[in-house]
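Residue numbers (my numbering), protein chains in the order written: chain A, 603 to 840; chain B, 575 to 690.
1) Could you pull out every residue in the same chain whose Cβ sits closer than 6 Å to the Cβ of residue 622 of chain A, ignoring the five residues on either side in sequence?
2) Pull up the CB-CB distance for residue 589 of chain A and residue 627 of chain A, whole angstroms please, since I reckon it's below 8 Å.
3) Output yes if chain B places a C-beta closer than 8 Å to the C-beta of residue 617 of chain A; else output no.
4) Kindly indicate the opening and closing residues of the alpha helix (DSSP H) around residue 699 of chain A.
5) Report the option in A:710, A:808, A:630 and A:667 whose CA atom is closest to the CA atom of residue 787 of chain A.
6) Under DSSP, the alpha helix (DSSP H) around residue 622 of chain B begins and ends at which residues?
7) Give a single yes or no on whether residue 717 of chain A has its beta carbon closer than 7 Å to a heavy atom of the ligand NAD.
8) CB residue 769 of chain A to CB residue 647 of chain A, shorter than 8 Å?
9) Going by DSSP, what residue range makes up the alpha helix (DSSP H) through residue 740 of chain A?
10) Anything in chain A within Cβ reach of residue 623 of chain B, meaning under 8 Å, just list it in chain order.
11) Quick check on residue 601 of chain B: does DSSP put it in helix, strand or coil?
12) If residue 740 of chain A and residue 796 of chain A are in contact, beta carbons under 8 Å, what's the gap, nearest whole angstrom?
13) Pull up the distance between the alpha-carbon of residue 744 of chain A and that of residue 612 of chain A, whole angstroms please.
14) Taking the straight line between their C-alpha atoms, what separation do you get for residue 677 of chain A and residue 665 of chain B?
15) Can you check whether the C-beta of residue 739 of chain A is within less than 8 Å of a C-beta belonging to chain B?
16) For the region 761-782 of chain A, which residues have a beta carbon sitting closer than 7 Å to at least one beta carbon of chain B?
17) How long is the line joining the alpha carbons of residue 733 of chain A and residue 723 of chain A, rounded to whole angstroms?
18) To be precise: take each residue of the region 650-672 of chain B, compare its Cβ to all Cβ atoms of chain A, and keep it if any distance is under 9 Å. Which residues remain?
19) Is there a Cβ from chain E that is less than 8 Å from the Cβ of residue 839 of chain A?
20) Entirely within the region 612-664 of chain A and at least 4 residues each: give me those alpha helix (DSSP H) ranges in chain order.
21) Please state whether DSSP places residue 686 of chain A in a helix, a strand or coil.
22) Just how far apart, CA to CA, sit residue 669 of chain A and residue 681 of chain A?
23) Rounded to the nearest angstrom, what separates residue 711 of chain A and residue 831 of chain A at their Cα positions?
24) Can you tell me whether residue 703 of chain A is buried or exposed? The criterion is at least 16 other CB atoms within 10 Å of its CB, across all chains shown.
25) Measure from the C-beta of residue 610 of chain B to each C-beta in chain A and report whether the shortest distance is under 8 Å.
26) List, in chain order, every chain A residue whose beta-carbon is nearer than 8 Å to that of residue 631 of chain B.
27) Which residues of chain B have a Cβ atom closer than 9 Å to the Cβ of residue 654 of chain A, listed in chain order?
28) Any beta carbon from chain A within less than 8 Å of residue 628 of chain B's own beta carbon?
29) Less than 7 Å between C-beta atoms, sequence neighbours within five positions excluded: which residues of the same chain meet that for residue 586 of chain B?
30) Along the alpha helix (DSSP H) that carries residue 773 of chain A, what are the first and last residues, could you check?
31) Please classify residue 656 of chain B: is it buried, with 16 or more other beta-carbons within 10 angstroms of its beta-carbon, or exposed?
32) Going by the CB atoms, is the gap between residue 675 of chain B and residue 707 of chain A shorter than 8 Å?
33) Count the CB pairs spanning the region 634-653 of chain B and the region 754-767 of chain A that are closer than 8 Å, and state whether there are at least three.
34) Consult DSSP for residue 590 of chain B and reduce its assignment to one of helix, strand or coil.
35) Any beta carbon from chain B within less than 8 Å of residue 758 of chain A's own beta carbon?
36) Under a CB-based cut-off of 8 Å, is residue 677 of chain B close to chain A?
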């Protein structure tokens with residue numbers, strides 16, 4: 603029989619271990635989310651990330667090693683983005699009917715997200731590459747990384763800020779919008795997609811199909827708009 | 575099922591290839607999504623057939639963000655010093671953006687009489 607350490611050496615080098623760990627952590631997060639009666643603050647992503655971060659820290663595993671296994675899950679982000687065409691198509695006639703409010707909300711939400719994030723961070727003494735890394739945080743991860751890199755930010759930091767923003771949006775959207783008295787599912791979903799990309803969109807789909815479809819549009823359009831706006835706005839702060 | 579997954583991957587591939595070869599800033603999958611939407615509009619039959627596969631992919635969308643999120647382990651030292659300021663900036667900005675976006679959308683929709 604092999605020593606336990608030998609088995610560990612084998613497992614640590616194969617993608618199987620960290621791929622499985624990622625799925626287990628997410629299943630636990632999802633189970634907790636269901637057990638809580640689908641409360642927004644019991645966010646499956648947040649739980650899974652925390653669990654995995656603790657396990658990596660305890661086993662002294664490097665992120666690169668973890669990512670070799672987890673990349674198979676990460677890869678599916680691309681196809682999932684393409685698949686958003688299906689709910690978009692299903693809601694096409696409603697999207698056409700609300701084109702004007704939609705475009706106004708896109709511009710307002712996108713500009714608010716960039717300026718307020720940079721403004722607060724600047725006021726609290728954040729400068730340089732960290733400030734740049736914050737600018738595209740409301741945009742879906744692959745786009746945000748590209749924007750951050752091209753403006754002299756730190757792409758890996760941006761990735762983390764993007765996830766954090768997504769989780770925050772997913773957690774606060776329902777209570778915030780209830781308090782504001784916004785009952786239009788299109789408006790609710792769209793604003794969440796613009797402010798907190800795919801994680802917000804995933805949350806919107808859990809709440810309401812229409813909200814989910816509009817969140818998907820918000821995410822897609824803001825990816826395009828922020829690519830243009832972020833470099834212009836960041837130049838005001840540098 | 576496998577045909578539908580292949581279709582999705584083909585559109586992503588077309589999107590990636592186009593954005594890279596044309597030097598566009600738009601990410602490949604977003605362009606792929608737009609092209610697939612155009613394809614659905616041209617051939618509605620395909621859209622109906624692909625609905626279950628797309629739904630399957632999207633029903634656990636949040637799982638797909640976990641690997642990138644774990645990247646926080648590499649930034650824990652920075653989070654110690656600048657963490658509170660960054661956290662506050664993200665929190666205020668996300669709340670403001672959701673509130674402004676939703677209020678602009680719903681009030682313009684109401685003003686135009688384009689309510690649901």
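All residues carry an ideal CB built from backbone N, CA and C; glycine is no exception. If you're wondering where the values come from, they're calculated on a predicted model, not measured in any experiment.
Taking the structure as given:
1) Result list for residue 622 of chain A: empty, nothing under 6 Å.
2) A query on residue 589 of chain A cannot be resolved here, the shown segment of chain A reaching from 603 to 840 and no further.
3) Interface with chain B (8 Å Cβ-Cβ cutoff): residue 617 of chain A is excluded.
4) 694-699
5) A:808
6) 618-633
7) The ligand NAD is absent from the structure shown, which contains no ligand whatsoever.
8) yes
9) Segment: none, residue 740 of chain A is in no alpha helix (DSSP H) and carries neither H nor E.
10) Result: empty, since nearest Cβ-Cβ is about 10 Å, beyond 8 Å.
11) coil
12) Taking C-beta atoms under 8 Å as the contact rule, residue 740 of chain A and residue 796 of chain A qualify, at a distance of about 7 Å.
13) Each residue's Cα considered, the two are about 32 Å apart.
14) 28 Å
15) Judged by the 8 Å Cβ criterion, residue 739 of chain A is in contact with chain B.
16) 761, 762, 763, 765, 766, 767, 768, 770, 771, 774, 775, 778, 779 and 782
17) Taking the straight line from one Cα to the other gives about 7 Å.
18) 650, 652, 653, 656, 658, 659, 660, 661, 662, 663, 664, 665, 666, 667, 668, 669, 670, 671 and 672
19) Absent here is chain E; the protein component of the structure consists of chains A and B.
20) Qualifying alpha helix (DSSP H) stretches, in chain order: 617-637 and 646-660.
21) Coil.
22) 19 Å
23) Rounded to the nearest angstrom, the two C-alpha atoms are 12 Å apart.
24) buried
25) yes
26) 678, 681, 682 and 685
27) Proximity of chain B to residue 654 of chain A at the Cβ level (cut-off 9 Å) is accounted for by 640, 641, 643, 644 and 647, in chain order.
28) yes
29) 602, 603 and 606
30) 757-782
31) buried
32) yes
33) yes
34) helix
35) yes
36) yes
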